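> Could you have a look at this structure, given as structure tokens, before my questions?
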Amino acid sequence: MMRLVFVLLAGLVLAGCATSGVDPLAPKTVNSVNLKRYQGTWYELARLPMYFQRNCAQSEAHYTLKPDGNVDVFNRCLTSDWQWEEARGTASPQVPGKTDKLWVEFDNWFSRIVPGVAKGEYWVLYVSDDYKTAIVGDPSRRYMWLLSRSPTVNVDVLEELLSKARQQGYDTTRLIWRASDRQMAKTSD
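Rendered as structure tokens:
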């Protein structure tokens, strides 16, 4: 198992090296994010498949702006068997002074052994004017999250998010949707 985790992380590192140049076909970011307004709790409405979230039924992220301009990250997800999985990390701007493209590094055994190598790209592709909904992805379009300040949104808001994601070239047919509280209650019966 440890070998598999190491191979996956090594692949992530190599993929990051391969995409270090500017790609004119990459998704477009919002140019600037007010991190003070962005901090707080975000609920995942839907995501593209991701290995690290394979057991997640309901996920949320908690962001706290630090005095140095970086962001403390606390992610947690509730699995279908009612267990919490948690991860802590730090997000920092990829380019000093720019807040739309961040590096996220989680505090785990690998990042402690090889600091600064296992970073994930966190691109803010859309954030609503009221900072109640957002779309986050990566430049390869392999990963994407639809986020909201509440666990549910109305159909019009959801359709707007899906439309924006499709316009950016993301395959929304592959989305994994947040399990409802009702679905979660049924699994515990």
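According to mature numbering (1 follows the signal peptide of the UniProt record, and there is no 0), the stretch in the sequence shown is residues -20 to -1, 1 to 169, in order.
Ideal Cβ placement from N, Cα and C applies to all residues, glycine included.
It should be emphasised that the depicted structure is a prediction, and the values quoted were computed from it without experimental measurement.
In the DSSP output, which residue or residues are listed as bridge partners for R68?
R68 is bridged to F54.
> What do you get for R154, buried or exposed, if any count of 16 or more other CB atoms within 10 angstroms of its CB means buried?
Looking at its Cβ environment, which holds fewer than 16 other Cβ atoms inside 10 Å, R154 is exposed.
> Only counting the same chain, and skipping five residues up and downstream in sequence, which positions put a Cβ closer than 7 Å to that of V137?
Within the same chain, V137 has close Cβ partners T113.
> In three-state DSSP terms, what is A30?
Residue identity check: residue 30 is Met in the sequence provided, not Ala. In this structure, M30 counts as coil in the three-state DSSP scheme.
> Looking at the structure shown, is K144 part of a helix, part of a strand, or coil, going by DSSP?
Three-state DSSP puts K144 in a helix.
> Would L105 and T9 qualify as a contact pair, given that the criterion is a beta-carbon distance under 8 Å?
In contact: L105 and T9 (Cβ atoms closer than 8 Å).
> Keeping to the same chain, check which residues put their C-beta closer than 7 Å to that of V84; ignore five residues upstream and five downstream.
Hits under 7 Å: V53, G69, A71, K99, G100 and Y102.
> Taking just the CA atoms, how far does E24 sit from S60?
If I take the Cα positions, the gap works out to 15 Å.
> Does the beta-carbon distance from T79 to S12 come in below 8 Å?
Yes.
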